[in-house]
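In structure tokens:
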């Protein structure tokens with residue numbers, strides 16, 4: 032039998048994807064050019080301003096930097112903040128090519 | 027041994043909160059509710075009441091504190107009036123939507139513009155559709171008793187309760203009030219159990235964005251959409267009537283005082299005209315009924331005690347056979363009529379009653395209403411009804427030309 036929502040007020044358990052797969056909200060997709068990304072170029076943990084500024088916390092501060100496109104809403108803040116201009120926002124149709 | 031003291035309505039409300047062993051109080055002063063929280067602040071300061079008293083910068087923050095404290099399992103109390111209540115408006119919706127059993131005393135006061143510190147019921151009536159249960163008290167004893175009952179009702183149905191009483195008429199007027207025995211109140215009122223236990227080991231997102239549609243959560247359980255949640259609140263308020271009545275009955279058994287549950291009646295059995303009202307003006311109407319009966323008119327009074335949930339069934343029973351109904355009220359739904367009058371008529375629709383209903387808007391902004399004036403108003407209504415005037419709105423003691 033289907034489990035019925037027994038909550039009398041709205042609540043959920045914190046979990047990845049609890050607010051839905053927000054990646055499908057996206058029109059423009061961030062594409063990283065790792066030949067320009069400071070962390071990749073220096074081959075050590077550095078800069079990570081994209082990670083710091085991402086309002087959805089979906090940037091992984093590693094080498095290389097990774098963006099979780101399942102949840103990235105395409106706001107473009109990472110591209111705007113990147114001091115090396117390593118991130119380009121590519122419109123959905125072009126990104127698919 | 028009975029413990030009767032002479033006290034104001036505000037003192038009675040404070041005693042109600044103290045006897046209910048409230049754990050968190052947050053308030054911002056506003057006339058005429060200020061003494062309620064001043065008295066409680068003194069008790070907390072002296073250590074007579076073990077509670078947190080949280081001072082904030084506005085009533086909006088007051089209700090935000092109440093919501094937070096109630097969410098983590100504290101029994102919460104506040105009191106306010108008029109613009110203070112209106113400033114809380116948004117948070118009142120949050121309290122009800124979060125299903126938190128907060129108890130608020132609304133010491134009824136007129137709403138500006140222009141400024142008035144005096145009594146009417148426009149403030150709480152304006153909050154009618156926030157999802158709070160509303161109780162209107164007729165005297166100081168009922169204020170104390172209703173605060174205690176309000177916690178039991180609220181914590182059983184998980185809905186907040188507004189205990190309303192008239193500013194100055196009750197809040198600053200002294201009457202004998204029996205203070206119930208604290209241990210017996212404890213027996214009547216079990217400790218508050220929140221509907222959701224919060225713990226770092228089992229975390230929750232509270233009130234996240236909810237969608238119009240139902241949706242599966244990360245665990246695959248189909249969670250309610252917004253509308254399903256709202257139905258649960260409506261269902262809870264509709265279902266709270268039985269709890270309110272039972273609570274009142276249990277209280278009467280333990281303490282010997284019965285406020286009547288959803289509504290109370292006075293000399294209604296053989297009445298040819300029923301006067302309806304809420305709060306202290308209903309008490310005044312009982313004297314008016316006596317005056318009318320001395321003059322040969324068989325009048326009775328129906329005091330609506332619980333306004334939300336509205337006592338639909340009780341109203342049908344008590345007014346169903348009444349030849350004439352006169353509603354006195356201290357509020358106006360601008361562009362229509364008094365809120366109580368409209369609700370009584372709505373409840374009677376389709377129930378077979380053809381009784382004429384006359385509406386008197388009275389006592390706005392503290393304008394005095396005397397029992398003999400209510401009696402005279404009822405007499406004029408009966409004369410108008412005899413002349414075939416079945417619907418009428420009159421502003422009592424008001425310059426309308």
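Protein chains in written order, with our numbering: chain X, 32 to 128; chain A, 27 to 427. Here a beta-carbon is modelled for each residue, glycine too, at the ideal position from N, C-alpha and C. Keep in mind it's a predicted model, so treat the numbers as computed, not measured.
Beta-carbon proximity list for residue i, same chain, < 6 Å, skipping 5 on both sides
i	result
residue 355 of chain A	364 and 366
residue 143 of chain A	57
residue 130 of chain A	104 and 188
residue 259 of chain A	157
residue 183 of chain A	262, 266 and 269
Burial state of residue i (16 or more Cβ within 10 Å)
i	result
residue 384 of chain A	buried
residue 44 of chain A	buried
residue 164 of chain A	buried
residue 269 of chain A	buried
residue 116 of chain X	exposed
residue 424 of chain A	exposed
residue 377 of chain A	exposed
residue 35 of chain X	exposed
residue 380 of chain A	exposed
residue 306 of chain A	buried
residue 277 of chain A	buried
residue 360 of chain A	exposed
residue 415 of chain A	exposed
residue 137 of chain A	buried
residue 162 of chain A	buried
residue 172 of chain A	buried
residue 375 of chain A	exposed
Cβ-based neighbour list, residue i, same chain, cut-off 8 Å, excluding 5 preceding and 5 following
i	result
residue 154 of chain A	160, 333, 334 and 365
residue 186 of chain A	118, 121, 122, 126, 127, 128, 129, 130, 157, 158, 159 and 180
residue 289 of chain A	328, 329, 330, 331, 332, 337, 340, 341 and 344
residue 65 of chain A	36, 37 and 40
residue 429 of chain A	Summary: the structure shown does not reach residue 429 of chain A, with chain A confined to residues 27 through 427, and so no result is reported for it.
residue 119 of chain X	61, 62, 64 and 110
residue 210 of chain A	280 and 281
residue 286 of chain A	274, 329 and 331
residue 264 of chain A	335
Identity of the residue in the options nearest residue i by Cα
i	options	result
residue 123 of chain X	X/42, X/35, X/106 and X/59	X/59
residue 310 of chain A	A/322, A/326 and A/296	A/326
residue 362 of chain A	A/320, A/380, A/417 and A/343	A/417
residue 386 of chain A	A/422, A/359 and A/373	A/422
residue 77 of chain A	A/84, A/60 and A/52	A/52
residue 73 of chain A	A/84, A/94 and A/49	A/49
residue 237 of chain A	A/70, A/255 and A/212	A/255
residue 300 of chain A	A/279, A/324 and A/138	A/324
residue 42 of chain X	A/100, A/102 and A/248	A/248
residue 72 of chain X	X/89, X/90 and X/95	X/95
residue 353 of chain A	A/382, A/251 and A/376	A/382
residue 82 of chain A	A/71, A/250 and A/110	A/110
residue 34 of chain A	A/192, A/136 and A/137	A/192
residue 322 of chain A	A/298, A/115 and A/169	A/298
residue 62 of chain A	A/370, A/349 and A/170	A/170
residue 226 of chain A	X/45, X/101 and X/40	X/45
residue 39 of chain X	A/132, A/410, A/233 and A/427	A/233
residue 116 of chain A	A/93, A/277 and A/379	A/93
residue 107 of chain X	X/84, X/92 and X/93	X/84
residue 108 of chain A	A/47, A/212 and A/135	A/135
residue 303 of chain A	A/85, A/369, A/284 and A/413	A/369
residue 205 of chain A	A/228, A/166 and A/235	A/166
residue 168 of chain A	A/283, A/71, A/409 and A/228	A/283
residue 132 of chain A	A/138, A/140, A/139 and A/148	A/148
residue 411 of chain A	A/389, A/419, A/350 and A/373	A/350
residue 152 of chain A	A/67, A/140, A/357 and A/407	A/357
Sequence-distant residues of the same chain with beta carbon closer than 7 Å to residue i, five excluded per side
i	result
residue 312 of chain A	292 and 327
residue 95 of chain A	50 and 102
residue 69 of chain A	44 and 75
residue 208 of chain A	45
residue 397 of chain A	310, 313, 314 and 317
residue 250 of chain A	240
residue 81 of chain X	90, 96, 109, 112, 113 and 118
residue 84 of chain A	54 and 113
residue 100 of chain A	49 and 50
Are the region 191 to 199 of chain A and the region 214 to 222 of chain A touching by the rule of at least three beta carbon pairs closer than 8 Å? no
Should the region 379 to 397 of chain A be regarded as contacting the region 135 to 151 of chain A, the criterion being three or more beta carbon pairs within less than 8 Å? yes
Evaluate the contact criterion for the region 79 to 98 of chain A versus the region 117 to 137 of chain A: three or more CB pairs, one atom per stretch, below 8 Å. yes
Is it the case that the region 47 to 56 of chain X contacts the region 239 to 255 of chain A, given that we only count it when at least three CB pairs across the two stretches are under 8 Å? yes
Does the region 301 to 321 of chain A come close enough to the region 398 to 415 of chain A that 3 or more CB-CB pairs lie under 8 Å? yes
What ranges does the beta strand (DSSP E) occupy inside the region 64 to 114 of chain A, keeping only unbroken runs of at least 3 residues that lie completely in it? 78 to 81 and 102 to 106
Can you confirm whether the region 75 to 88 of chain X touches the region 219 to 228 of chain A when touching is taken to mean that 3 or more C-beta pairs between the two stretches lie within less than 8 Å? no
So within the region 190 to 263 of chain A, which uninterrupted beta strand (DSSP E) runs reach at least 3 residues, ignoring any that extend past its ends? 201 to 204
Alpha helix (DSSP H) runs wholly inside the region 253 to 334 of chain A, at least 4 long, in chain order: 306 to 320
Runs of alpha helix (DSSP H) wholly within the region 118 to 169 of chain A (minimum 4 residues, chain order): 148 to 151
Quick one: complete alpha helix (DSSP H) runs, 4+ long, within the region 48 to 90 of chain X? 69 to 73 and 80 to 84
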